[in-house]
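Visitor:
2 protein chains.
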Amino acid sequence: MNLKDLEYVKAIAQHKHFRKAADACFVSQPTLSGQVKKLEQELGVVLFDRSTKQVTLTAQGERLLTQINVILEQTQILKELAATSNGPLQGKLKIGIIPTIAPYLLPALLTSMKAAFPESHFSFIEMQTATILEALDDGELDFAILADVPELKNYHTVNVYKEDFMVAVSTDNSLASHKKVALSDLQSCNLLMLSDGHCFKDQAQKFCFSAGVDVSNQYQGNSLETLLALVAINDGVTFVPKLACAKRAGIEYLSIFPNQQRNVVLACRKHYPHLAGVEQLAQWLAEHPNLKRALI
Amino acid sequence: MNLKDLEYVKAIAQHKHFRKAADACFVSQPTLSGQVKKLEQELGVVLFDRSTKQVTLTAQGERLLTQINVILEQTQILKELAATSNGPLQGKLKIGIIPTIAPYLLPALLTSMKAAFPESHFSFIEMQTATILEALDDGELDFAILADVPELKNYHTVNVYKEDFMVAVSTDNSLASHKKVALSDLQSCNLLMLSDGHCFKDQAQKFCFSAGVDVSNQYQGNSLETLLALVAINDGVTFVPKLACAKRAGIEYLSIFPNQQRNVVLACRKHYPHLAGVEQLAQWLAEHPNLKRALI
DNA sequence: TTAAACTAATAGGTGTAGCCTATCAGTTGG
DNA sequence: CCAACTGATAGGCTACACCTATTAGTTTAA
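From first to last, the protein sequence lines stand for chains A and B. Be aware that the first sequence starts at 1281, since it is given in this note's numbering, and climbs by one per residue. Be aware that the second sequence starts at 1281, since it is given in this note's numbering, and climbs by one per residue.
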């Protein structure tokens, strides 16, 4: 059975005239006759009574026509549904986001983000990089916001912003009066780190190692907030990303010289169906004033 | 858009696997891929995410799938509707029937007729032959029960029964003691006739004319029952069809010699869609015991 | 790390179904 | 009775749904 044939039947029922119906369907009259005849044979039902002066529906035809109309209406609804949902970022979007970005980026942007993409229902899930990559593969996430890492080479990534690493020290710390510090200046400090799995910790550890700076690892925090609480009581220093550098009692943020950065990206599977939407969102994020202000 | 393509989408959504879905649809995997891709382009929506380990629906795909299922369900209903209504005599049937048959045939047969054709809704409309033929042409009647007349040559007819003309006389009439009469015996009687338009009157008049019998026409009744009432008070004699010869107080029914008959037929348009059904009904009528008994 | 197994997509060829024009058969109306 | 109109039929063309064979890419196992 064919939807087009059903349209033909509907047209004949409306016009009660094969040629007029054919015109309305933009086909020739023989085509219409043939297709309707074929449908009648397929259904095993004679739909039209062609022997009267005016073509009329048979009793069965009348019954079936109402059902045919239902099908055509529902088909129209499908088309409209498709037409109104072909924007790039439509529907429910599951977005992974790493813990060293989520609490600082989302509060600043979520409200205006919802306003900018009214057709989208964002659902953010905080998870570490490794978990994110698995979830992307399984289709449990649409895309993710995270720091660029080598493992992302198998994924599609779009740069959003570059973010400086800062050093958080207690206002009581001797370094507090400096604006900038070198990594070597931290040698004598108690350097607090996040626990394993945080890419932020991996990257920090890596450039500390490059600079020949020891990392004590005597305490590993589960969140930056925990570490900053320790810093505030002058029990050590820690690295924080620029976005996390909100004013906090008892804490000073120092630039690192030469500066260390991480590259925050949107990542999705290669061949993710809505790459265009991801790029669009990335651009929107990159240009957002709240973000630009926080990165200065 | 094509119903088959929607089936493909449904199958992929169920199996989450192109090759398995293709098997389920009895087509090759490339065919399935191609058709779904075509549909996706037509709708402007990517329905499936093929980049995950397991094929999954996109958010839009999920939305559209529910609508696709609605369409397929409604299509199934259409097929079932067609399958259950392809009996020859289905639905509402409008049947014309002439006044000299209706009141005698229907009471005897209607109940068992409804039982024998439970899928049919008979609707009988009493009308004279000329009106019936017009109504058949306009599609206002499906078919009719009437006496065969020359005008029916342009229609499809099926014989149902042959019916003798009888003569109704008062028990007080001198003819009442006879079993049979010749038309010439009626010369001296007051011959009551139906009004114009009744084919029964036309036919009676015709064979009276052939036999050289005068018809007074001083009174024309609108129904056989009126005429029989006049006969009962010995105010004349009249012709009645055999089926109308129920026992009535004060009336005797006499055979005519040589006998005169009318041929009662089912008639419909040539090319009426359900000729088979009409023939079936005609045969059922012809074989009905009530009818056979009444015709003896 | 490579080989084997599996995924979906692509390429290229084939048959048919849907469409066309031209014509026919039947009916209606001037 | 002929002209005009109805829907059905005949025959031919083309697009497309379908096939097999192959490719590109990924996952699994050796």
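Just so you know, even glycine gets a beta-carbon here, dropped at the ideal spot from N, CA and C. Just so it is clear, the structure is predicted and the values come from calculations on it, not from any experiment.
Taking residue 1421 of chain B as the reference, which of B/1474, B/1440, B/1409 and B/1508 has the closest Cα?
Guide: Position 141 of the second sequence, counting from 1, holds the residue named residue 1421 of chain B. It is B/1409 whose Cα lies nearest to the Cα of residue 1421 of chain B.
Visitor: Compute the distance between the beta-carbons of residue 1464 of chain B and residue 1484 of chain B, then report whether it is under 8 Å.
Guide: Position 184 of the second sequence, counted from the first residue, corresponds to residue 1464 of chain B. Position 204 of the second sequence, counted from the first residue, corresponds to residue 1484 of chain B. No, Cβ-Cβ distance for residue 1464 of chain B and residue 1484 of chain B is not below 8 Å.
Visitor: Please go through the region 1371 to 1406 of chain A and give each complete beta strand (DSSP E) segment of 3 or more residues, from N-terminal end onward.
Guide: You should have 1371 to 1377 and 1400 to 1406.
Visitor: Can you list, in chain order, the residues of its chain whose CB lies under 7 Å from that of residue 1559 of chain B, leaving out five sequence neighbours each side?
Guide: The sequence position of residue 1559 of chain B within the second sequence is 279, counting from 1. Once the five neighbours on either side are set aside, the close Cβ partners of residue 1559 of chain B are 1438.
Visitor: In terms of residue numbering, what span does the alpha helix (DSSP H) encompassing residue 1570 of chain B cover?
Guide: Against the second sequence, residue 1570 of chain B aligns to sequence position 290. Segment 1569 to 1575, the alpha helix (DSSP H) holding residue 1570 of chain B.
Visitor: Just to confirm the assignment, what range does the beta strand (DSSP E) spanning residue 1444 of chain A have?
Guide: Taking the first residue of the first sequence as 1, we reach residue 1444 of chain A at position 164. It spans 1435 to 1450 - the beta strand (DSSP E) in which residue 1444 of chain A sits, taken as one unbroken run.
Visitor: Alpha carbon to alpha carbon, what distance is there between residue 1351 of chain B and residue 1553 of chain B?
Guide: Along the second sequence, one-based indexing puts residue 1553 of chain B at 273. Along the second sequence, one-based indexing puts residue 1351 of chain B at 71. Spanning the two alpha carbons is a distance of roughly 29 Å.
Visitor: Note down, in chain order, each residue of its chain lying with its Cβ closer than 8 Å to the Cβ of residue 1537 of chain B, except the 5 sequence neighbours on either side.
Guide: Sequence index remark: in the second sequence, residue 1537 of chain B carries index 257 (1-based). So the qualifying residues of the chain are 1460, 1461 and 1462.
Visitor: Between which two residues does the alpha helix (DSSP H) harbouring residue 1299 of chain A extend?
Guide: Numbered from 1 along the first sequence, position 19 holds the residue referred to as residue 1299 of chain A. Per DSSP, residue 1299 of chain A belongs to the alpha helix (DSSP H) from 1298 to 1305.
Visitor: Are there 16 or more other CB atoms within 10 angstroms of the CB of residue 1390 of chain B, so buried, or fewer, so exposed?
Guide: As a first step, residue 1390 of chain B must be located in the second sequence, where it is residue number 110. Flag for residue 1390 of chain B reads exposed.
Visitor: Using a Cβ-Cβ cut-off of 8 Å, state whether residue 1336 of chain A counts as contacting chain B.
Guide: Within the first sequence, numbered from 1, the residue matching residue 1336 of chain A stands at position 56. Closer than 8 Å: yes.
Visitor: So for residue 1351 of chain B, helix, strand or coil by DSSP?
Guide: The residue given as residue 1351 of chain B occupies position 71 in the second sequence. It is helical.
Visitor: Say whether chain B places a C-beta atom closer than 8 Å to the C-beta of residue 1434 of chain A.
Guide: Along the first sequence, read from residue 1 onward, the residue named residue 1434 of chain A stands at position 154. It does not: the Cβ of residue 1434 of chain A has no partner Cβ on chain B nearer than 8 Å.
Visitor: Using a Cβ distance threshold of 8 Å, determine whether the region 1284 to 1293 of chain B contacts the region 1310 to 1328 of chain A, with at least three qualifying pairs required.
Guide: No, the region 1284 to 1293 of chain B is not in contact with the region 1310 to 1328 of chain A.
Visitor: Am I right that residue 1532 of chain B and residue 1456 of chain B are in contact with their C-beta atoms under 8 Å? What's the rounded C-beta distance?
Guide: As a first step, residue 1532 of chain B must be located in the second sequence, where it is residue number 252. As a first step, residue 1456 of chain B must be located in the second sequence, where it is residue number 176. Going by Cβ atoms, the distance from residue 1532 of chain B to residue 1456 of chain B rounds to 4 Å, so yes, they are a contact pair.
Visitor: Going by beta carbon distance, what residues of the same chain come within less than 6 Å of residue 1574 of chain B, once the five residues before and after it are set aside?
Guide: Along the second sequence, read from residue 1 onward, the residue named residue 1574 of chain B stands at position 294. Excluding positions up to five away in sequence, the list reads 1523.
Visitor: What number of angstroms, rounded off, separates the C-alpha of residue 1511 of chain B from the C-alpha of residue 1458 of chain B?
Guide: Working through the second sequence from its first residue, we reach residue 1511 of chain B at position 231. Working through the second sequence from its first residue, we reach residue 1458 of chain B at position 178. Each residue's Cα considered, the two are about 16 Å apart.
Visitor: Select from B/1507, B/1449 and B/1503 the residue whose C-alpha is nearest the C-alpha of residue 1383 of chain B.
Guide: As a first step, residue 1383 of chain B is located in the second sequence; it is residue number 103 there, counting from the start. Nearest option by C-alpha distance: B/1503.
Visitor: Anything in the region 1545 to 1567 of chain A with a Cβ closer than 8 Å to a Cβ of chain B? List those residues in chain order, please.
Guide: Cβ contacts with chain B come from 1549, 1550, 1551, 1552, 1553 and 1554.
Visitor: By how many angstroms is the C-alpha of residue 1330 of chain B removed from the C-alpha of residue 1550 of chain A?
Guide: Taking the first residue of the first sequence as position 1, residue 1550 of chain A is located at position 270. Taking the first residue of the second sequence as position 1, residue 1330 of chain B is located at position 50. About 10 Å.
Visitor: Residue 1281 of chain B CB to nearest chain A CB: under 8 Å?
Guide: By 1-based counting over the second sequence, the position of residue 1281 of chain B is 1. So, interface residue.
Visitor: I need the DSSP call for residue 1460 of chain A, collapsed to helix, strand or coil.
Guide: Along the first sequence, read from residue 1 onward, the residue named residue 1460 of chain A stands at position 180. Looking at residue 1460 of chain A - three-state DSSP - the assignment turns out to be strand.
Visitor: Exposed or buried, which one is residue 1433 of chain A when buried takes at least 16 other CB atoms within 10 Å?
Guide: Indexing the first sequence from 1 puts residue 1433 of chain A at position 153. By the neighbour-count rule (16 or more Cβ atoms within 10 Å), residue 1433 of chain A is not buried but exposed.
Visitor: Specify, as a first and last residue, the run of the alpha helix (DSSP H) that residue 1313 of chain A falls within.
Guide: Taking the first sequence and counting its residues from 1, one reaches residue 1313 of chain A at position 33. First-last of the alpha helix (DSSP H) with residue 1313 of chain A: 1309 to 1323.
Visitor: Pick from B/1509, B/1508 and B/1476: whose alpha carbon is nearest that of residue 1497 of chain B?
Guide: The count along the second sequence starts at 1 and reaches residue 1497 of chain B at position 217. Ranking B/1509, B/1508 and B/1476 by Cα distance to residue 1497 of chain B puts B/1476 first.
Visitor: Does the count of Cβ pairs from the region 1355 to 1369 of chain A and the region 1341 to 1358 of chain B closer than 8 Å reach three?
Guide: The answer is yes - the region 1341 to 1358 of chain B touches the region 1355 to 1369 of chain A, with three or more Cβ pairs under 8 Å.
Visitor: Under 8 Å between C-beta atoms, does residue 1312 of chain A make it to chain B?
Guide: The count along the first sequence starts at 1 and reaches residue 1312 of chain A at position 32. Chain B, which has no Cβ nearer than 8 Å to the Cβ of residue 1312 of chain A, makes this no.
Visitor: Restricting to Cα atoms, I'd like to know which of B/1514, B/1481 and B/1548 is closest to residue 1541 of chain B.
Guide: Numbered from its first residue, the second sequence carries residue 1541 of chain B at position 261. It is B/1481 whose Cα lies nearest to the Cα of residue 1541 of chain B.
Visitor: Which whole-angstrom value is the C-beta distance of residue 1562 of chain B and residue 1449 of chain B, which I expect to be below 8 Å?
Guide: The residue you call residue 1562 of chain B lines up with position 282 of the second sequence. The residue you call residue 1449 of chain B lines up with position 169 of the second sequence. About 33 Å separates the two Cβ atoms, so there is no contact after all.
Visitor: For my contact list, residue 1466 of chain B and residue 1520 of chain B are in at a C-beta cut-off of 8 Å; report their separation, rounded to the angstrom.
Guide: Here residue 1466 of chain B refers to the residue found at position 186 of the second sequence. Here residue 1520 of chain B refers to the residue found at position 240 of the second sequence. With a Cβ gap of about 13 Å, residue 1466 of chain B and residue 1520 of chain B do not count as contacting.
Visitor: In its own chain, which residues sit with a C-beta less than 6 Å from the C-beta of residue 1307 of chain A, not counting the 5 before and 5 after it?
Guide: Your numbering for residue 1307 of chain A matches position 27 in the first sequence. Taken in chain order, the list of residues that qualify is empty.
Visitor: Tell me the start and end of each unbroken alpha helix (DSSP H) in the region 1466 to 1554 of chain B that is at least 4 residues and wholly inside, in chain order.
Guide: Segments of the alpha helix (DSSP H) lying fully in the region 1466 to 1554 of chain B: 1479 to 1490 and 1504 to 1512.
Visitor: Can you list, in chain order, the residues of its chain whose CB lies under 7 Å from that of residue 1570 of chain A, leaving out five sequence neighbours each side?
Guide: Walking along the first sequence from the start, residue 1570 of chain A turns up at place 290. Hits under 7 Å: 1388 and 1389.
Visitor: What does residue 1365 of chain B touch in chain A if you count any residue whose Cβ is under 7 Å from its own?
Guide: Along the second sequence, read from residue 1 onward, the residue named residue 1365 of chain B stands at position 85. Here the neighbours are 1325, 1340 and 1343.
Visitor: Please report how far the alpha carbon of residue 1375 of chain B lies from the alpha carbon of residue 1546 of chain B, in whole angstroms.
Guide: Along the second sequence, one-based indexing puts residue 1375 of chain B at 95. Along the second sequence, one-based indexing puts residue 1546 of chain B at 266. In a straight line, the C-alpha of residue 1375 of chain B is about 10 Å away from that of residue 1546 of chain B.
Visitor: Could you please give the first and the last residue of the uninterrupted alpha helix (DSSP H) stretch that includes residue 1283 of chain A?
Guide: As a first step, residue 1283 of chain A is located in the first sequence; it is residue number 3 there, counting from the start. Residues 1283 to 1295.
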